[in-house]
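See below for the structure under consideration.
In this note's numbering, the protein residues as written are 63 to 419.
As structure tokens, this is what we get:
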């Protein structure tokens, strides 16, 4: 695709160029904040009515303009995450180009500044936690640049009137309700991790059937923890054998109830997993990444021990997760990476304990 040449203009006025850039960044950031803010407004108001026992229909009567499913909390939609990100970049560059033509680097990078400003405001108002911000940021940056390039190219080829721009900006509000009526695809993903341990299978088995309290010093630095995922604490076992119940505890009240389905000492330990979501504090995880919630759940796990010829043992840890979003391909990259990181942390603790025995 060829980019139309920049029309000849007067020599650049740094002050005017800087003001144009700031206006564009502010336009994109404000649009993004308003889009997310409407969701918070409607969700908060609905909770208020429900808490006070008000008639739910009263909410709809007073907030008719906010009744769309997307505004009712549906941020996990393609209309919001994908189209909304593109429009942020589009509006940013469109505003800049209204004053004077910009370079292609401005088309690509100016939307990033708008996204960073938007994310900062969202974080300050605690509309999203660090986990959701970190997960959304990469794709939001890429798509915002796509929107910026689109605005730049179209602006050189056709007249982008205010009405056309407004029609484009309102698209997420029109498309999200239809998208929310469709069931999100359900995908089961498997994550496997392994570690070589210089210890016997008997020693390793003792350290996986139960996991005594883990000291913070036993855990290596983890990027998953840095963005907000809790660290493992301990795992207890009610009794040995099939039907035994393990309680795998993590920081901040996160608890997994694991029921043993396979018990083969020194060979295999498998279990179903159920998150004790009823007792997880709401501040532990964002609602969009809550384990056992609408979008993500951990289903089962398994340890298997593989003896090696040199006397070492290869310890495998495998888990299955349920993912249900409108963009499972992208979300799956994050869920796989997080589970891989968490499982590796657990295996490293087991390795250290076994080799110190």
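Every residue gets a Cβ at the ideal spot worked out from N, C-alpha and C, and that includes glycine.
Would you call the CB atoms of residue i and residue j closer than 8 Å?
i: residue 217; j: residue 256; result: no
i: residue 290; j: residue 191; result: yes
i: residue 173; j: residue 90; result: yes
i: residue 248; j: residue 384; result: yes
i: residue 271; j: residue 317; result: no
i: residue 331; j: residue 365; result: yes
i: residue 325; j: residue 296; result: no
i: residue 179; j: residue 319; result: no
i: residue 177; j: residue 143; result: no
i: residue 213; j: residue 155; result: yes
i: residue 245; j: residue 145; result: no
If you reduce the DSSP assignment to three classes, tell me which class residue i lands in.
i: residue 173; result: helix
i: residue 190; result: coil
i: residue 356; result: coil
i: residue 413; result: helix
i: residue 370; result: coil
i: residue 214; result: helix
i: residue 179; result: helix
i: residue 84; result: helix
i: residue 324; result: strand
i: residue 121; result: Any reading at residue 121 must be qualified, since the residue scores a pLDDT of 47, below 50, and its modelled position is unreliable; the value itself is stated next. It is helical.
i: residue 152; result: helix
i: residue 195; result: helix
i: residue 301; result: coil
i: residue 397; result: helix
i: residue 165; result: coil
Mind checking who residue i pairs with in its DSSP beta bridge?
i: residue 365; result: 331 and 379
i: residue 318; result: 310 and 337
i: residue 11; result: Residue 11 lies beyond the range of the chain shown here (63 to 419); nothing can be said about it.
i: residue 98; result: DSSP output for residue 98 lists no bridge partner at all.
i: residue 385; result: 249 and 358
Quiz item: Would you call the stretch 370-382 and the stretch 220-231 touching, i.e. three or more CB-CB distances under 8 Å?
Solution: Too few Cβ pairs lie closer than 8 Å, so no.
Self-check item: Three or more C-beta pairs below 8 Å linking the stretch 268-280 and the stretch 178-188
Solution: Segments in contact, no.
Exercise. Go through the stretch 218-298 residue by residue and report every complete run of the beta strand (DSSP E) that reaches 3 residues or more, in order.
Key: Fully enclosed beta strand (DSSP E) runs of 3 or longer: 249-259.
Quiz item: Does the stretch 259-278 come close enough to the stretch 161-176 to have 3 or more Cβ pairs within less than 8 Å?
Solution: Contact between the stretch 259-278 and the stretch 161-176 is absent: fewer than three C-beta pairs spanning the two stretches fall below 8 Å.
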